[in-house]
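8 is the number of the first residue of the sequence shown in this note's numbering; add one for each residue after it.
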Amino acid sequence: CAIPAFEGLLPEPHNTNILDLLFELATWHGLAKLKMHTESTLQDLDNSLTRLGDDLRRFKRVTCTVYTTRELPAEVAARGRRTAALASHQKPSAKELAQEPSAKRTPRLREFNLSTVKLHGLGHYVDSIRRHGTTDNYSTQVVSFATIYNFV
């Protein structure tokens with residue numbers, strides 16, 4: 008578990024927010040990966056998701072507003088490669104021509120985003136387990152393989 012590695016890294020209340028979030032993530036993950044579920048464990052998973060949502064929103068509202076985060080160097084480099092690839096296919100605008108190359112490589116501000124497909128998908132786990140069984144009973148590998156090789 009990662010909790011001891013994060014304990015005490017940040018001042019309060021951020022330390023508590025991080026530890027609560029890590030604990031609830033571990034709880035949700037442990038419940039989601041059970042190989043057998045009952046109505047009781049599914050209710051526990053649903054309750055854990057509610058607490059996880061509360062912890063994520065508190066983390067964004069309290070902790071994320073205090074710390075400024077920027078793109079990682081790898082993200083800046085990837086953005087530069089995408090920009091260069093697009094520029095090779097298009098005529099550059101006057102604004103792009105006037106802009107220094109180093110200005111394009113400055114890390115942009117990043118904000119924690121709660122509106123992602125991955126977070127949205129967590130809410131469908133309980134229903135999915137009720138319909139299809141536990142998550143170790145099926146795989147998307149066959150569908151992915153068929154899609155990649157145009158068998159569908």
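We treat Cβ as the ideally placed atom computed from N, Cα and C, and that holds for glycine.
- Alpha-carbon spacing of P20 relative to S55, whole angstroms: The residue labelled residue 20 in the question sits at position 13 within the sequence shown. The residue labelled residue 55 in the question sits at position 48 within the sequence shown. Their backbone Cα atoms lie some 21 Å apart in a straight line.
- Message: When you measure from the CB of P20 to every non-hydrogen atom of the ligand GDP, does any distance come out below 7 Å?
- Response: This structure lacks the ligand GDP, and indeed carries no ligand of any kind.
- Message: Does T123 come out as helix, strand or coil in the three-state DSSP assignment?
- Response: The residue you call residue 123 lines up with position 116 of the sequence shown. If DSSP states are grouped into helix, strand and coil, T123 belongs with coil.
- Item | Of the residues I136, A85, E46, Q97, the one placed nearest P114, counting alpha carbons only | Mapped onto the sequence shown, residue 114 falls at position 107. For P114, the nearest C-alpha among the options comes from A85.
- Task: Compute the Euclidean distance between the alpha carbons of L93 and D27, then round it to the nearest angstrom.
- Result: On the sequence shown, residue 93 is found 86 positions in, with the first residue counted as 1. On the sequence shown, residue 27 is found 20 positions in, with the first residue counted as 1. Those two C-alpha atoms are separated by around 43 Å.
- Query: In this structure, does DSSP put L116 in helix, strand or coil?
  - Reply: Translated into positions along the sequence shown, residue 116 becomes position 109. Reduced to three states, the DSSP call for L116 is strand.
- Query: Taking the C-alpha atoms as reference points, what is the distance between E31 and H96?
  - Reply: Position 24 of the sequence shown, counted from the first residue, corresponds to residue 31. Position 89 of the sequence shown, counted from the first residue, corresponds to residue 96. Rounded to whole angstroms, E31 to H96 spans 47 Å at the Cα level.
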